Amino acid sequence: MKFSCDKQFLCEAIVNVSKAVASNSTIPALEGIKVKVIPNQVELTGYNLEIGITTTLMAITEGEGEFVIDSRIFSEMTRKMSDDVIVFELNDNMTVAISSGNTQCSITAMSAEEYPELPKVDTQTAIKIPQGVLKSMISNTKYAVSTTEVKPIFTGELFDIENGSFSMVAMDGFRLAIRNEPIAYPEKSYFVVPRKTLSELSSLIRDNDGDRECSIYVNPKNVIFDINGYLIISRLLEGEFHNYRLSIPSEYKTEVILNTKDFITSMERCSLLIDSKNKAPVKCTFENGEAHVECKTPLGEINDIFPASITGESVTIGFNNKFALDALRASECDKIKIQLSGSMKVIKMLPVEGEDFIFLLMPIQLR
Numbered sequence: 375m376k377f378s379c380d381k382q383f384l385c386e387a388i389v390n391v392s393k394a395v396a397s398n399s400t401i402p403a404l405e406g407i408k409v410k411v412i413p414n415q416v417e418l419t420g421y422n423l424e425i426g427i428t429t430t431l432m433a434i435t436e437g438e439g440e441f442v443i444d445s446r447i448f449s450e451m452t453r454k455m456s457d458d459v460i461v462f463e464l465n466d467n468m469t470v471a472i473s474s475g476n477t478q479c480s481i482t483a484m485s486a487e488e489y490p491e492l493p494k495v496d497t498q499t500a501i502k503i504p505q506g507v508l509k510s511m512i513s514n515t516k517y518a519v520s521t522t523e524v525k526p527i528f529t530g531e532l533f534d535i536e537n538g539s540f541s542m543v544a545m546d547g548f549r550l551a552i553r554n555e556p557i558a559y560p561e562k563s564y565f566v567v568p569r570k571t572l573s574e575l576s577s578l579i580r581d582n583d584g585d586r587e588c589s590i591y592v593n594p595k596n597v598i599f600d601i602n603g604y605l606i607i608s609r610l611l612e613g614e615f616h617n618y619r620l621s622i623p624s625e626y627k628t629e630v631i632l633n634t635k636d637f638i639t640s641m642e643r644c645s646l647l648i649d650s651k652n653k654a655p656v657k658c659t660f661e662n663g664e665a666h667v668e669c670k671t672p673l674g675e676i677n678d679i680f681p682a683s684i685t686g687e688s689v690t691i692g693f694n695n696k697f698a699l700d701a702l703r704a705s706e707c708d709k710i711k712i713q714l715s716g717s718m719k720v721i722k723m724l725p726v727e728g729e730d731f732i733f734l735l736m737p738i739q740l741r
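For any residue, its number in our numbering is found by taking its place in the sequence shown, counting from 1, and adding 374.
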């Protein structure tokens, strides 16, 4: 079995599928990349039993077959080859001979017989969404995904699709992030995708591919994202996601519209005085057309004032500086609307117009 292909395309493919290769597995084959040769094509696969990434490259081939090769050595050796075209030949003793220009080497391979099959998902019905929109939705919400395993279902993001509306939801018990988009999909679909899968998916979306579509295929246990020549296959998280709609306040007593950059800069100044040993809430008072921001710790204190448009009652409330900064940065808008119902009720952030996103934060009690 023999094949040759373009070095640049091969190197890029190896880097991307390597993201799903297991770093330490009881199945040695999963610590490598599976290479499958079929007429005029080479398929590369990385898989760690939770997420798999596979892609196919055009190649000049002789014969068919498959083998598994160490991902690190495969990547480094391919990258350091001297010519733009690389030739691979699998010998009977499971050694892969590699040649490029004046360079020749060999790498020991493994049989692909021990490599598990990727989960099968029906690809007849696709959920389609522009790649740029999907990447933006992930960017807007990923900050609120739980990083602990206390509630495993919260270590992923909910895809809630119904009546032509797609909501991506993340929460960790202290904050909640929702991004809403219209979608041309008539069915109802409800599933939770692990954070790592979404992170790898986002990294495969290039800036100039924003208008290209991503196709999503799902069954009760697994999901496939078909994007830019790659298939990302992931298990879904099991369990019941919180009914997030019940957490969204429908009323408020105070509405504040302010410049997002002003609030971010003020919070960043406060953060200079806050660390693991010196914790304190950021005290914010909204009244008389101004936002007053205060913070005091043993390291020092700060008082800040910037303009704000305020409707309703004046209010003083405590913010967790990190949670506030995460939400403000994720908003990606020049101005943000904040709705409040008192000093101890949930903080609601959303765009000045519409509800493309909704961010909820729990306030911090002020002494």
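Glycine included, C-beta positions come from ideal geometry on N, C-alpha and C.
Everything numeric in this text was worked out from a predicted model, so none of it was measured.
C-alpha of residue 403 to C-alpha of residue 484: approximately 7 angstroms in a straight line. Here residue 497 is exposed. Its C-beta has fewer than 16 other C-beta atoms within 10 Å. Taking C-beta atoms under 8 angstroms as the contact rule, residue 401 and residue 419 fail to qualify, at a distance of about 14 angstroms. The continuous stretches of beta strand (DSSP E) do not include residue 585, and DSSP gives it neither H nor E.
When DSSP states are grouped into helix, strand and coil, residue 390 belongs to the helix group. In the three-state scheme derived from DSSP, where H, G and I count as helix and E and B as strand, residue 697 is classed as helix.
Annotated three-state conformation of residue 498 is coil, per DSSP.
In this structure, the beta-carbon distance from residue 623 to residue 715 falls below 8 angstroms. In terms of Cβ geometry, residue 591 and residue 597 form a close pair [threshold 8 angstroms].
Assignment of residue 489 by DSSP, reduced to helix, strand and coil, places it in the coil class. The beta carbon of residue 731 lies closer than 6 angstroms to those of 514, 553 in the same chain, with the five residues before and after it left out. Secondary-structure assignment with DSSP links residue 665 through a beta bridge to 660, 680. For residue 447, the secondary structure class from DSSP, reduced to helix, strand or coil, is helix.
The three-state secondary structure of residue 526, taken from DSSP, is helix. Residue pairing of residue 675 in beta bridges, as defined by DSSP: 670.
Secondary structure at residue 720: coil, using DSSP grouped into helix, strand and coil. C-alpha of residue 704 to C-alpha of residue 437: approximately 50 angstroms in a straight line. In the same chain as residue 375, and ignoring 5 residues on each side of it, the C-beta atoms closer than 6 angstroms to its own belong to 411, 437, 439, 464, in chain order. The residue from 671, 636, 666 with its alpha-carbon nearest to that of residue 651 is 671.
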